[in-house]
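Enquirer:
2 protein chains.
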Amino acid sequence: MTSAPPERIYLDHAATTPLDPRVLEAMMPYLTTAWGNPSSLYAEAQDARRGLDSARATIAGILGCRPNDLIFTAGGSESDNLALRGAAWAARRAGRGDHIITSAIEHHAVLHTTERLEQAGYRVTYLGVDGEGFIDISELQDAVGDDTILVSVMYVNNEAGTVEPLAEAVRAVKEKNRKTVFHTDAVQAAGILDLDVDSLGVDLLSLAAHKFYGPKGVGALYVRPRTPLFPQQLGGAQEKNRRAGTENVAGVFGMAASLQLAYDEFDSRTAHYRDLRDRLLFGVPERVPNVHVTGPQPSSAHPEALEGRAANNASFCFEYIEGEPILIALDLAGVACSSGSACTTGSLEPSHVLTAMGVPEDLARGSMRLTVGASNTRDQIEYFLETLPGIVSRLRSLSPTWPERTRS
Amino acid sequence: MTSAPPERIYLDHAATTPLDPRVLEAMMPYLTTAWGNPSSLYAEAQDARRGLDSARATIAGILGCRPNDLIFTAGGSESDNLALRGAAWAARRAGRGDHIITSAIEHHAVLHTTERLEQAGYRVTYLGVDGEGFIDISELQDAVGDDTILVSVMYVNNEAGTVEPLAEAVRAVKEKNRKTVFHTDAVQAAGILDLDVDSLGVDLLSLAAHKFYGPKGVGALYVRPRTPLFPQQLGGAQEKNRRAGTENVAGVFGMAASLQLAYDEFDSRTAHYRDLRDRLLFGVPERVPNVHVTGPQPSSAHPEALEGRAANNASFCFEYIEGEPILIALDLAGVACSSGSACTTGSLEPSHVLTAMGVPEDLARGSMRLTVGASNTRDQIEYFLETLPGIVSRLRSLSPTWPERTRS
Chain D
0 MTSAPPERIY
10 LDHAATTPLD
20 PRVLEAMMPY
30 LTTAWGNPSS
40 LYAEAQDARR
50 GLDSARATIA
60 GILGCRPNDL
70 IFTAGGSESD
80 NLALRGAAWA
90 ARRAGRGDHI
100 ITSAIEHHAV
110 LHTTERLEQA
120 GYRVTYLGVD
130 GEGFIDISEL
140 QDAVGDDTIL
150 VSVMYVNNEA
160 GTVEPLAEAV
170 RAVKEKNRKT
180 VFHTDAVQAA
190 GILDLDVDSL
200 GVDLLSLAAH
210 KFYGPKGVGA
220 LYVRPRTPLF
230 PQQLGGAQEK
240 NRRAGTENVA
250 GVFGMAASLQ
260 LAYDEFDSRT
270 AHYRDLRDRL
280 LFGVPERVPN
290 VHVTGPQPSS
300 AHPEALEGRA
310 ANNASFCFEY
320 IEGEPILIAL
330 DLAGVACSSG
340 SACTTGSLEP
350 SHVLTAMGVP
360 EDLARGSMRL
370 TVGASNTRDQ
380 IEYFLETLPG
390 IVSRLRSLSP
400 TWPERTRS
Chain A
0 MTSAPPERIY
10 LDHAATTPLD
20 PRVLEAMMPY
30 LTTAWGNPSS
40 LYAEAQDARR
50 GLDSARATIA
60 GILGCRPNDL
70 IFTAGGSESD
80 NLALRGAAWA
90 ARRAGRGDHI
100 ITSAIEHHAV
110 LHTTERLEQA
120 GYRVTYLGVD
130 GEGFIDISEL
140 QDAVGDDTIL
150 VSVMYVNNEA
160 GTVEPLAEAV
170 RAVKEKNRKT
180 VFHTDAVQAA
190 GILDLDVDSL
200 GVDLLSLAAH
210 KFYGPKGVGA
220 LYVRPRTPLF
230 PQQLGGAQEK
240 NRRAGTENVA
250 GVFGMAASLQ
260 LAYDEFDSRT
270 AHYRDLRDRL
280 LFGVPERVPN
290 VHVTGPQPSS
300 AHPEALEGRA
310 ANNASFCFEY
320 IEGEPILIAL
330 DLAGVACSSG
340 SACTTGSLEP
350 SHVLTAMGVP
360 EDLARGSMRL
370 TVGASNTRDQ
380 IEYFLETLPG
390 IVSRLRSLSP
400 TWPERTRS
């Protein structure tokens, strides 16, 4: 017997998160009274400038960097584009080489940018990953040469939830070539993992506020002092000449407030995510036949060992059915989830992440990503687990490839 | 006798404008309930998608274009950067040439981008302007050759308020080379002048919401169908693959709401601006000696003929004093204004706009820009006109170059 859903159940927090009402409240002064242009000199502008400064200090506190090491952007994609192009062009200008290393499972904001850089004459190595999505540190180190100017490896994969061994990767790269700049797309890691840039050792780190209960349209790029970086968006002298354009003061302040809340409440939030995630990781295969967990594999013997998987991510591939019909049926049943990245919705190609992990194309088309968040409850997860099997078996009964159908 | 200011008097609406409370109200659903990722498939996402679509239709209605001709960006600087680089790289790829024409008085978002394009091998012609800031149409037409891929001329100059003869300029360019792409930075024109892209004839047009009582951190680029444009921010498939990144739904919706209000109330707003502007244009030189109006000159005989000047802009240069001390003294007296572009505040160089107009360097350093807005009143302007002379004469009495000082 399936209980009725008490409300909509949102299980796609990797796509975006609701704006925390406390964050909106923190933003309100900058949407009402403190609306001046922070570059101006007069009193109205100083309120806005103080808001920017305070936001910069807050985020720097969480990243363990200096406030001036942060460049505010319009989001994760801009941060990634700025990091890669900015570092690549600066290094070429300095005659330092033209080799870039990244992984095959990066977000398209990284991969489409490295493709554009290839067109401009850069040489790019795409690291493979193992069946759980992990890069191989020795493969990475072997790939680094004297002309390797940039490495970009994401912190948490947005589809499979794989947590890359970032600190180890940075050490391996710097051991081989200490001048190589290391960028990480940490968009999916904020609020889930420690962001201390010195522990990680990275030179560039991308963030997007709307992934951690902040507003859409705002992000940041951390830049380690003395990292050569050509500005990309040109114009006014904002962000110390590193990113032109009147600052999105309310958005930046909201980003800082939401990041602060994420780390103030870090332990309770991530414990909550982990609890719900594990119910999904173990519960789905218990209730549905012919399903595979994608990304780092849970072990019922050692569930606590799942350190290599983001606390909020449970992802699967179903045999014999495609992901999209499952999502549509779940949506009708009150559950929001996705088959992969929101940025590639509607694409007919199977996920580049899953295929890089060796998931066969047919199976990769049956993907479902669940990413839990602050508002989810055990009851919601229970309802989901009760609802899913019926949906899957109904869809399979319509599938020409489903063995039980062909047998009947 | 000087009356006390009833409140702060903000005369820098070209730097930024307050967010209209009606616009904030329109944005609120997208900051609270409709927070889904518009690229996703489920119900939560559809509310956000509908908000984006509705905003696109609203703006398209005002520009007289199709909704799909608009690309949402993070602001005017991104729009300018995207327009110039996107058009330049697309034209080079098509083998169409490498010549670009712009004017010497553009915003730095244009000029710093053309400088970067020069480094990449493009040839750039910088058109001069006359004493009032107008480009010369025949000089423009003479500069267009078979290899001219792009012309970028702003609609309204942000410092001098000059309204360039855009429709005429487009005709002159297209007559000579119909393949040349014409971009205009219309950031200062929105809410002040007609934005119909077909009357203007432009192929690309940049907007920034925070200049017309919308939110900071959001803008748009109009792109005429079949205009070759390489995307700049790469990643997801948003904006039909022309600008990656999760959309700033609340910001975009706010931009549309504020643009709609600006054109719903166009006649009354611009009449109000013009009334206050003329009081300043005529009143300041009446009360202060040795002051020059910069930009298009008013004529007391035909004030109604001032069509070539933005309705909200009154700008001046004072002999014998620098602009910054005036602004500081005015700030203390309750008035917010600027010496030029907010984006170049703190620069020690005299304005490139004023020097291009032939204003001598010393005089250009004594610049003051007043840009009126919806909340300004005749009483505020009267207070300003009463307050200014005392400030100017006090500062001049301290100036070593002031003749009355050296005479005493």
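In the order they appear, the protein sequences are chains D and A. For the first sequence, numbering that gives the first Met the number 0 begins at 0 and goes up steadily by one. For the second sequence, numbering that gives the first Met the number 0 begins at 0 and goes up steadily by one. All residues carry an ideal CB built from backbone N, CA and C; glycine is no exception.
How is N289(D) classed by DSSP in three states: helix, strand or coil?
Expert: Coil at N289(D), not helix or strand.
Enquirer: Using 8 Å as the Cβ pair cut-off and three pairs as the minimum, do the segment 60–79 of chain A and the segment 216–227 of chain A touch?
Expert: With a cut-off of 8 Å, the segment 216–227 of chain A and the segment 60–79 of chain A count as touching, because enough Cβ pairs lie within range.
Enquirer: Using a Cβ cut-off of 7 Å (strictly closer), state whether H12(D) contacts chain A.
Expert: It does not; no Cβ of chain A falls within 7 Å.
Enquirer: Excluding five sequence neighbours on each side, which residues of the same chain lie with their C-beta closer than 6 Å to the C-beta of Q379(D)?
Expert: Only I8 meet the Cβ criterion.
Enquirer: Taking a contact to mean a Cβ-Cβ separation below 7 Å, would you say L228(D) touches A108(D) in this structure?
Expert: Not closer than 7 Å, so no.
Enquirer: Out of P388(D), A355(D), T400(D), which one is the CA nearest neighbour of H106(D)?
Expert: Selected option, being the one with the closest Cα: A355(D).
Enquirer: Nearest to M153(D) by alpha carbon, out of I70(D), I104(D), A171(D)?
Expert: The option with the nearest alpha carbon to M153(D) is I104(D).
Enquirer: Can you name the residues of chain D whose CB is closer than 7 Å to the CB of Y9(A)?
Expert: Here the neighbours are E43.
Enquirer: Could you have a look at F229(A) and say whether DSSP puts it in helix, strand or coil?
Expert: Coil, per DSSP.
Enquirer: Just the chain A side, please: which residues come within less than 8 Å of A335(D) by C-beta, in chain order?
Expert: Result: G35, S39, Y41, A42, E43, A44.
Enquirer: Can you list, in chain order, the residues of its chain with a C-beta nearer than 6 Å to that of G332(A)? Leave out the 5 residues immediately preceding and following it.
Expert: Sequence inspection shows Ala at residue 332(A); the Gly mentioned does not correspond to that position. For A332(A), where only same-chain residues beyond five positions count, the Cβ hits under 6 Å are T386.
Enquirer: Short check: CB of V172(A) to CB of T179(A), under 7 Å?
Expert: The answer is yes: Cβ separation under 7 Å.
Enquirer: Assess contact between the segment 308–322 of chain D and the segment 262–282 of chain D, defined as three or more Cβ pairs (one per stretch) separated by less than 8 Å. Is contact present?
Expert: Touching, per the Cβ criterion.
Enquirer: State the start and end residues of the unbroken alpha helix (DSSP H) segment that holds L23(A).
Expert: Unbroken alpha helix (DSSP H) run through L23(A): 20–30.
Enquirer: Just to check my reading of the structure: A93(A) and Y121(A) have Cβ atoms closer than 8 Å, yes? What is that Cβ distance to the nearest angstrom?
Expert: About 14 Å separates the two Cβ atoms, so there is no contact after all.
Enquirer: Taking Cβ-Cβ distances shorter than 7 Å, what residues in chain A pair up with H182(D)?
Expert: Those do not exist, as H182(D) stays about 14 Å from chain A at its closest Cβ, beyond 7 Å.
Enquirer: Could you check if K239(A) is buried or exposed, using at least 16 other CB atoms within 10 Å of its CB as the buried criterion?
Expert: It is exposed - the Cβ of K239(A) has fewer than 16 other Cβ atoms within 10 Å.
Enquirer: Just checking, does the segment 287–301 of chain A make contact with the segment 321–331 of chain A on the three C-beta pairs under 8 Å criterion?
Expert: No, the segment 287–301 of chain A does not touch the segment 321–331 of chain A.
Enquirer: Per DSSP, C316(D) forms a beta bridge with which residues?
Expert: Its beta-bridge partners are H291(D), S366(D).
Enquirer: I think P111(D) touches L149(D), with their Cβ atoms under 8 Å apart; what is that distance to the nearest whole Å?
Expert: The question names Pro, but residue 111(D) in the sequence shown is His. With a Cβ gap of about 16 Å, H111(D) and L149(D) do not count as contacting.
Enquirer: Label D197(D) either buried or exposed according to how many other C-beta atoms from any shown protein chain fall within 10 Å of its C-beta, with 16 as the threshold for buried.
Expert: D197(D) comes out exposed.
Enquirer: Identify which residue in Q237(A), G218(A), L353(A), G235(A) has its Cα closest to the Cα of E246(D).
Expert: The residue with the shortest Cα to Cα distance from E246(D) is G218(A).
Enquirer: Can you pull the chain A neighbours of V352(D), defined as C-beta to C-beta under 7 Å?
Expert: Chain A residues near V352(D): none, gap ~14 Å exceeds 7 Å.
Enquirer: Cβ of K215(D) less than 7 Å from any chain A Cβ?
Expert: By this cut-off, K215(D) is an interface position.
Enquirer: Using DSSP with H/G/I as helix, E/B as strand and the rest coil, what is H98(A)?
Expert: H98(A): strand per DSSP, three-state reduction.
Enquirer: Would you mind reading off the limits of the beta strand (DSSP E) that contains S151(A)?
Expert: Per DSSP, S151(A) belongs to the beta strand (DSSP E) from 147–151.
Enquirer: Taking 7 Å as the threshold (beta carbon to beta carbon), is T112(D) in contact with chain A?
Expert: Yes, because at least one Cβ of chain A sits closer than 7 Å to the Cβ of T112(D).
Enquirer: Starting from the C-beta of P399(A), find all residues in its chain whose C-beta is less than 6 Å away, skip the five residues before and the five after it, and write them out in chain order.
Expert: Closer than 6 Å at the Cβ level, and outside the excluded window around P399(A), lies no residue.
Enquirer: For T31(D), count neighbouring C-beta atoms within 10 Å of its own C-beta (all shown protein chains included) and say buried if the count is 16 or more, exposed if not.
Expert: Exposed is the call here.
Enquirer: Just the C-alpha distance for L350(A) and R115(A), rounded to the nearest angstrom, thanks.
Expert: Residue identity differs from the one stated: residue 350(A) is Ser in this sequence, not Leu. Rounded to the nearest angstrom, the two C-alpha atoms are 20 Å apart.
Enquirer: Identify the contact partners of P28(D) in chain A, using a Cβ-Cβ distance below 9 Å as the criterion.
Expert: The premise fails here: P28(D) is roughly 11 Å from chain A at the closest Cβ pair, so nothing lies under 9 Å.
Enquirer: Compile a chain-ordered list of the residues in the segment 63–77 of chain D whose CB is closer than 9 Å to at least one CB of chain A.
Expert: Listed in sequence order: T72, A73, G74, G75, S76, E77.
Enquirer: Can you check whether the C-beta of T1(D) is within less than 7 Å of a C-beta belonging to chain A?
Expert: Low per-residue confidence applies at T1(D): pLDDT is 49, beneath 50, and the placement is therefore not dependable, though the value from the model is reported in the following sentence. Cβ-Cβ to chain A under 7 Å: no for T1(D).
Enquirer: Mapping DSSP to helix, strand and coil, what is Y121(D)?
Expert: If DSSP states are grouped into helix, strand and coil, Y121(D) belongs with coil.
Enquirer: With a threshold of 7 Å between beta-carbons, can V248(D) be considered close to chain A, or not?
Expert: Yes, V248(D) counts as interfacial toward chain A.
Enquirer: Any Cβ of chain A within less than 7 Å of the Cβ of A108(D)?
Expert: Chain A, which has a Cβ nearer than 7 Å to the Cβ of A108(D), makes this yes.
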